[in-house]
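Residue numbers (numbering that gives the first Met the number 0), protein chains in the order written: chain Z, 0 to 201; chain A, 0 to 201; chain C, 0 to 201; chain D, 0 to 201.
Number of protein chains: 4
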Amino acid sequence: MMQEKKLDRRAQRTRRALREALIALILERGYEAITVQEITDRADLNRGTLYLHYRDKHDLLLASSNDAYNELLAQFTPISPDNLTLDIPERHLIIVFQHVAANADFYRVMLGEHGVAAFLTRLRHTVTEVGLGRLLTLQKLTPTQPVPSDLIAAHAGSAIIGVIEWWLENNMPLAPDILARYTLALTIDGIYQTIGLDKPSQ
Amino acid sequence: MMQEKKLDRRAQRTRRALREALIALILERGYEAITVQEITDRADLNRGTLYLHYRDKHDLLLASSNDAYNELLAQFTPISPDNLTLDIPERHLIIVFQHVAANADFYRVMLGEHGVAAFLTRLRHTVTEVGLGRLLTLQKLTPTQPVPSDLIAAHAGSAIIGVIEWWLENNMPLAPDILARYTLALTIDGIYQTIGLDKPSQ
Amino acid sequence: MMQEKKLDRRAQRTRRALREALIALILERGYEAITVQEITDRADLNRGTLYLHYRDKHDLLLASSNDAYNELLAQFTPISPDNLTLDIPERHLIIVFQHVAANADFYRVMLGEHGVAAFLTRLRHTVTEVGLGRLLTLQKLTPTQPVPSDLIAAHAGSAIIGVIEWWLENNMPLAPDILARYTLALTIDGIYQTIGLDKPSQ
Amino acid sequence: MMQEKKLDRRAQRTRRALREALIALILERGYEAITVQEITDRADLNRGTLYLHYRDKHDLLLASSNDAYNELLAQFTPISPDNLTLDIPERHLIIVFQHVAANADFYRVMLGEHGVAAFLTRLRHTVTEVGLGRLLTLQKLTPTQPVPSDLIAAHAGSAIIGVIEWWLENNMPLAPDILARYTLALTIDGIYQTIGLDKPSQ
DNA sequence: ACGTAAGCGAGACGGTACGTCGCGTCTTACC
DNA sequence: GGTAAGACGCGACGTACCGTCTCGCTTACGT
Chain Z
0 MMQEKKLDRR
10 AQRTRRALRE
20 ALIALILERG
30 YEAITVQEIT
40 DRADLNRGTL
50 YLHYRDKHDL
60 LLASSNDAYN
70 ELLAQFTPIS
80 PDNLTLDIPE
90 RHLIIVFQHV
100 AANADFYRVM
110 LGEHGVAAFL
120 TRLRHTVTEV
130 GLGRLLTLQK
140 LTPTQPVPSD
150 LIAAHAGSAI
160 IGVIEWWLEN
170 NMPLAPDILA
180 RYTLALTIDG
190 IYQTIGLDKP
200 SQ
Chain A
0 MMQEKKLDRR
10 AQRTRRALRE
20 ALIALILERG
30 YEAITVQEIT
40 DRADLNRGTL
50 YLHYRDKHDL
60 LLASSNDAYN
70 ELLAQFTPIS
80 PDNLTLDIPE
90 RHLIIVFQHV
100 AANADFYRVM
110 LGEHGVAAFL
120 TRLRHTVTEV
130 GLGRLLTLQK
140 LTPTQPVPSD
150 LIAAHAGSAI
160 IGVIEWWLEN
170 NMPLAPDILA
180 RYTLALTIDG
190 IYQTIGLDKP
200 SQ
Chain C
0 MMQEKKLDRR
10 AQRTRRALRE
20 ALIALILERG
30 YEAITVQEIT
40 DRADLNRGTL
50 YLHYRDKHDL
60 LLASSNDAYN
70 ELLAQFTPIS
80 PDNLTLDIPE
90 RHLIIVFQHV
100 AANADFYRVM
110 LGEHGVAAFL
120 TRLRHTVTEV
130 GLGRLLTLQK
140 LTPTQPVPSD
150 LIAAHAGSAI
160 IGVIEWWLEN
170 NMPLAPDILA
180 RYTLALTIDG
190 IYQTIGLDKP
200 SQ
Chain D
0 MMQEKKLDRR
10 AQRTRRALRE
20 ALIALILERG
30 YEAITVQEIT
40 DRADLNRGTL
50 YLHYRDKHDL
60 LLASSNDAYN
70 ELLAQFTPIS
80 PDNLTLDIPE
90 RHLIIVFQHV
100 AANADFYRVM
110 LGEHGVAAFL
120 TRLRHTVTEV
130 GLGRLLTLQK
140 LTPTQPVPSD
150 LIAAHAGSAI
160 IGVIEWWLEN
170 NMPLAPDILA
180 RYTLALTIDG
190 IYQTIGLDKP
200 SQ
């Protein structure tokens, strides 16, 4: 932050152009297939200029994805003050889905077939850990049940990522709040209850 | 298969060596970071020899992953004939987990941080589609409920992938059949019922 | 020599092409101004190919100049057998001048304004040392004279280089044997005797 | 000169620092190997500042070498007025050697292995032409002799350069006036007479 | 003496060349 | 026919310098 403030206006312009070019190109052809030359061509810069600001293509990717990431995290904090009711998870989910919608192109490519495995892994772990925190509180109520908490968290976390991928692949057919309600139902109540079936006796 | 039959014994040896070298190296350093030279060095072959059998590194990866994939699919078919009871999903899950355990190193790397995004995507879609088939039957019973079937399938499919990743990352702490039971409970009954809680009234 | 024998016919062709291209380009634009790309363009090769055979532009220059150099040295040895008379210096000079004439373009550029200082220095030292050897024998006859032998050798050696440069700059107006006679006279007898003057009494 | 007067005190300081840095660095590593950054680092200036005063590295070199050169030429002119005796060449030689001694480091590097070919060529031509002037007068006395005047001048001119190089390489073991006497003897009387030998009858 | 033009530091930028790496193709020779 | 050995064209890489260009700050000068 501080160091970004110190940047020349030219340098800021340049960095922004590079990030936008990167995202645009990843979208078109996938991260691995892109060349530094292509990024800088798109950003109307000399190839060498990229190296004045980033160590390499991967460093630029990190910076770009951190942009999006930090923006998301920034929206989480201001929730806490007043009400800490049970609907916080739903609110959080809505914020996530809204953020994904706002950066749809970016997420579509990062999570897709030509995406960046490390990004997906990181996102999955973040989501899972947030879920795990809430879960540990819940589980104090039923200390004897045998299913490991982190298995449950991994199940739920990955499921949410899957929902995001489904949503993006289908051009976001549902509103974020609706999607959040459905997702939460599936995760917490399971398939039977969500679709209105009693569990059949085997 | 047929064409494999026709192969020189030397050629078979060569191909096997290449595949094993690839898997071993992916495990150590990740797919993208590996060079053809390294693969052939490990396989004690000349670099050019790889191109006598595969088009490039990626072609070798496909062949290698199809080996594992086909082995899995081969185990699915013989189930159908006699009983089509409700426990088929559980049986399938057990088979999948057993197969993952048998090829743990391979899956660990393909799904991990340095893995191959396309492989994960492919696996996710396969799992999701299998689930979707069963789901469509179920949903005929409650035709009015609003949650899209493929959303549910995506949710469940990704969740299973997440479970596999959790299992591998934690060195497979549970037996395949136990893991299958837990997973199915979480997917179908949801978190509350699985851990033995009533849904709280908000 | 031995290692050159082992070379692929392709590799030999390539090396020859590179050396010829280098000489041709030095002639046109001077050594420092030339680019590796230009050398390989001229030699109808890919830029990278140069690095398969030489470490860099300078290494190619060394190899090229050693070609010429070795060719010269090869002509010196076979003189010895029969007559070792006093006219050996003249014969040697003739051989040198003939060799320069045969490689006129090469020497013209290496010694010229855009030449390679190190090459000139090396040539000067070689010539000087050959002269020094003969001189030391001569000086045994007059052990008391004060002028240092290596000063005399440096004087004579540089003078011969100067003659070569003059000869090349003026498009070799004299035959090698005539030039050798004149040069030897100037060096050994000095200007006055050479042009037929008595030394004036100051 | 005039324009130097107009210069800011800061600018004068800067130019001096640059020239000194250049000479010092050439001495250490040779002209071609030096970068502008290194020059300005040494001079405690910003890289861009060099371009406020000189067009490039080469322009700075010219300015620096002209400094030395002009200083030498300035010492030549005041000789002419009174006596035009035969010892003028010796006097000139002494002046040259003294000047070289006073700028030993500079000449050592400019003429050495990593020197600047163009500088050497220029110096050689200057020396040669001065000699040629005197020679033409001499040759009027023996109009029929066949050795071209400019060959003689080239021979003598290069020989003197060689003497200078020898002198510098050996840390100036003789006093300038002694060296001038020896050099003149070798040039004018030749080796035999200088070392006190009669020319042997072949 | 003091305001203003200059010198200057800092560093972004477009360029050009470098030497290296990895690829996929090809040739040559061996077994 | 399957390999080894390795030359070759190709394309991209990250680095090094170059010469130019703002952008501010500081410093000597001229009135």
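Quick reminder that beta carbons are idealized off the backbone N, C-alpha and C, glycines included.
### chain A within 9 Å of Glu27(Z), Cβ atoms only
As a position in the first sequence, residue 27(Z) is number 28, starting the count at 1. Put simply, the CB of Glu27(Z) is far from chain A, with every gap to its CB atoms at 9 Å or more.
### Task
With DSSP as the reference, label Lys139(Z) as helix, strand or coil.
Reading the first sequence from its first residue, position 140 is the one you call residue 139(Z). Look at Lys139(Z) here: in three-state DSSP terms it is coil, with no helix or strand label.
### Query
With distances taken between CB atoms, is the gap from Pro175(A) to Gln74(A) smaller than 9 Å?
Sequence index remark: in the second sequence, residue 175(A) carries index 176 (1-based). Sequence index remark: in the second sequence, residue 74(A) carries index 75 (1-based). No, they are not a contact pair.
### Message
I want to see whether chain A comes within less than 9 Å of Asp188(Z), judged by CB atoms only; does it?
### Response
Position 189 of the first sequence, counted from the start, is the residue given in the question as residue 188(Z). Taking 9 Å as the threshold, the shortest C-beta distance from Asp188(Z) to chain A falls below it.
### Sub-9 Å separation of Leu49(C) and Ile38(C) beta-carbons
Numbered from 1 along the third sequence, position 50 holds the residue referred to as residue 49(C). Numbered from 1 along the third sequence, position 39 holds the residue referred to as residue 38(C). Yes, Cβ-Cβ distance for Leu49(C) and Ile38(C) is below 9 Å.
### Assigned secondary structure, Thr186(D) (DSSP; H/G/I helix, E/B strand, else coil)
By 1-based counting over the fourth sequence, the position of residue 186(D) is 187. The answer is helix: DSSP assigns Thr186(D) an H, G or I state.
### Message
In whole angstroms, give me the CA-to-CA distance for Pro142(D) and Asp40(D).
### Response
The count along the fourth sequence starts at 1 and reaches residue 142(D) at position 143. The count along the fourth sequence starts at 1 and reaches residue 40(D) at position 41. Cα-Cα distance, rounded: 59 Å.
### Query
Could you give the C-beta distance for Leu150(A) and Trp165(Z), rounded to a whole number, given that I count them as a contact under 8 Å?
Position 151 of the second sequence, counted from the first residue, corresponds to residue 150(A). Position 166 of the first sequence, counted from the first residue, corresponds to residue 165(Z). Taking a contact as a CB-CB distance under 8 Å, the pair Leu150(A) and Trp165(Z) counts as one, their CB atoms being some 6 Å apart.
### Query
Which same chain residues, not among the five before or five after Glu27(Z), have their C-beta less than 7 Å away from its C-beta?
For this step, residue 27(Z) is matched to residue 28 along the first sequence. For Glu27(Z), where only same-chain residues beyond five positions count, there are no Cβ hits under 7 Å.
### Query
Between Leu119(A) and the rest of its own chain, which residues show a CB-CB distance below 6 Å, the 5 nearest in sequence each way excluded?
The residue labelled residue 119(A) in the question sits at position 120 within the second sequence. Excluding residues within five positions, the ones whose Cβ falls inside 6 Å are Leu110.
#### Entry: Under 9 Å by beta carbon: chain D residues contacting Ala155(C)
For this step, residue 155(C) is matched to residue 156 along the third sequence. Residues of chain D whose Cβ lies closer than 9 Å to the Cβ of Ala155(C) are, in chain order, Ala158, Gly161, Leu185, Ile190.
#### Entry: Test item: CB-CB of Ala158(C) and Ala184(D) under 9 Å
If you number the third sequence from 1, residue 158(C) lands on position 159. If you number the fourth sequence from 1, residue 184(D) lands on position 185. No. Outside cutoff.
### Query
Mind checking whether the beta-carbon of Asp176(Z) lies closer than 8 Å to any heavy atom of the ligand ADP?
Summarising the ligand content, the structure contains no ligands, and the ligand ADP is consequently not present.
### Query
By the 10 Å Cβ neighbour count, where 16 or more other Cβ atoms means buried, how is Ile22(C) classified, buried or exposed?
Indexing the third sequence from 1 puts residue 22(C) at position 23. Looking at its Cβ environment, which holds 16 or more other Cβ atoms inside 10 Å, Ile22(C) is buried.
### Task
Quick one: list the residues of chain C neighbouring Leu150(D), beta-carbon separation under 7 Å, in chain order.
If you number the fourth sequence from 1, residue 150(D) lands on position 151. For the C-beta of Leu150(D), the chain C residues within less than 7 Å are, from N- to C-terminus, Val162, Trp165, Tyr181.
### Task
Decide if Arg18(Z) is buried, meaning its Cβ has at least 16 other Cβ atoms within 10 Å, or exposed.
The count along the first sequence starts at 1 and reaches residue 18(Z) at position 19. Burial call: buried.
#### Entry: Expected contact under 8 Å - CB spacing of Glu31(Z) and Glu31(A) to nearest Å
Taking the first residue of the first sequence as 1, we reach residue 31(Z) at position 32. Taking the first residue of the second sequence as 1, we reach residue 31(A) at position 32. Contact between Glu31(Z) and Glu31(A) holds, with the beta-carbon distance rounding to 7 Å and staying under 8 Å.
### Query
Within the 9 Å Cβ cut-off, does Asn170(A) reach chain Z?
Translated into positions along the second sequence, residue 170(A) becomes position 171. Chain Z contact via Cβ: absent.
### Task
Can you grab the Cα-Cα spacing for the pair Leu60(C) / Arg90(C), in whole Å?
Here the question's residue 60(C) lines up with position 61 in the third sequence. Here the question's residue 90(C) lines up with position 91 in the third sequence. Going by the C-alpha atoms only, they are around 29 Å apart.
### Message
Please give the ranges of any alpha helix (DSSP H) in the stretch 146 to 172 of chain C, keeping only runs that are unbroken, at least 4 residues long and fully inside the region.
### Response
Those alpha helix (DSSP H) runs which fall completely within the stretch 146 to 172 of chain C and span 4+ residues are 148 to 168.
### Task
Leaving out five residues on either side along the sequence, give the residues of the same chain with a beta carbon under 6 Å from the beta carbon of Ile163(C).
The sequence position of residue 163(C) within the third sequence is 164, counting from 1. Excluding its 5 nearest sequence neighbours in each direction, Ile163(C) has C-beta neighbours in its own chain below 6 Å: Val99, listed in chain order.
### Task
Starting from His52(Z), follow the alpha helix (DSSP H) in both directions and report where the run begins and ends.
The sequence position of residue 52(Z) within the first sequence is 53, counting from 1. Here the alpha helix (DSSP H) through His52(Z) covers 46 to 52.
### Task
Could you check which residue in Ala152(Z), Val129(Z), Val35(Z), Gly29(Z) has the C-alpha nearest to that of Ile87(Z)?
Along the first sequence, read from residue 1 onward, the residue named residue 87(Z) stands at position 88. The shortest C-alpha to C-alpha distance from Ile87(Z) to any of Ala152(Z), Val129(Z), Val35(Z), Gly29(Z) is the one to Val129(Z).
### Task
Alpha carbon to alpha carbon, how far is Thr186(C) from Thr136(C)? Give it in angstroms, no decimals.
Walking along the third sequence from the start, residue 136(C) turns up at place 137. Walking along the third sequence from the start, residue 186(C) turns up at place 187. The alpha-carbon atoms of Thr136(C) and Thr186(C) are separated by roughly 17 Å.
### Query
Counting contacts by CB-CB distance shorter than 9 Å, is Gly111(Z) in contact with chain A?
Indexing the first sequence from 1 puts residue 111(Z) at position 112. Yes, its Cβ sits closer than 9 Å to a Cβ of chain A.
### Task
Identify which residue in Gly132(C), Ala20(C), Phe105(C), Glu168(C) has its Cα closest to the Cα of Arg46(C).
If you number the third sequence from 1, residue 46(C) lands on position 47. Each of Gly132(C), Ala20(C), Phe105(C), Glu168(C) was checked against the Cα of Arg46(C), and the nearest Cα belongs to Ala20(C).
### Query
Are Gly161(C) and Ala62(D) close, meaning C-beta to C-beta below 9 Å?
Position 162 of the third sequence holds residue 161(C). Position 63 of the fourth sequence holds residue 62(D). No, the Cβ-Cβ distance between Gly161(C) and Ala62(D) is not below 9 Å.
### Message
Check whether chain A comes within 9 Å of Arg18(Z), counting only Cβ atoms and requiring the distance to be less than that.
### Response
Walking along the first sequence from the start, residue 18(Z) turns up at place 19. Judged by the 9 Å Cβ criterion, Arg18(Z) is not in contact with chain A.
### Ala16(D) and Asp43(D) closer than 9 Å at C-beta
Within the fourth sequence, residue 16(D) is the residue found at index 17, counting from 1. Within the fourth sequence, residue 43(D) is the residue found at index 44, counting from 1. Cβ atoms of Ala16(D) and Asp43(D): closer than 9 Å.
### Query
DSSP on Thr127(C), reduced to helix/strand/coil?
As a working mapping, residue 127(C) is identified with position 128 in the third sequence. Here Thr127(C) sits in helix by DSSP.
### Message
What are the residues in the stretch 120 to 138 of chain A lying within 9 Å of chain Z by C-beta distance?
### Response
Residues passing the 9 Å Cβ filter: Thr120, Arg121, Arg123, Thr127, Leu134, Leu137, Gln138.
### Neighbour list for Glu31(A) in chain Z, Cβ cutoff strictly below 8 Å
Numbered from 1 along the second sequence, position 32 holds the residue referred to as residue 31(A). The answer, in chain order, is Glu31.
### Ile190(C) to Leu51(C) span [Cα, whole Å]
Taking the third sequence and counting its residues from 1, the one referred to as residue 190(C) is at position 191. Taking the third sequence and counting its residues from 1, the one referred to as residue 51(C) is at position 52. Each residue's Cα considered, the two are about 52 Å apart.
### Task
Compare the C-alpha of Ala179(C) against each of Leu92(C), Val35(C), Phe105(C) and name the closest.
Within the third sequence, numbered from 1, the residue matching residue 179(C) stands at position 180. If we check each option's Cα against that of Ala179(C), Leu92(C) comes out closest.
#### Entry: Residue burial classification, Asn82(C) (beta-carbon count within 10 angstroms, cutoff 16)
The sequence position of residue 82(C) within the third sequence is 83, counting from 1. Below a pLDDT of 50, predicted positions are generally treated as unreliable, and Asn82(C), at 49, falls in that range; no measurement from the model is reported.
### Query
Relative to the alpha-carbon of Glu70(A), which residue among Arg107(A), Leu24(A), Val146(A), Val95(A) has its alpha-carbon at the smallest distance?
Residue mapping note: residue 70(A) aligns to position 71 of the second sequence, counting from 1. Among Arg107(A), Leu24(A), Val146(A), Val95(A), the Cα nearest to that of Glu70(A) belongs to Val95(A).
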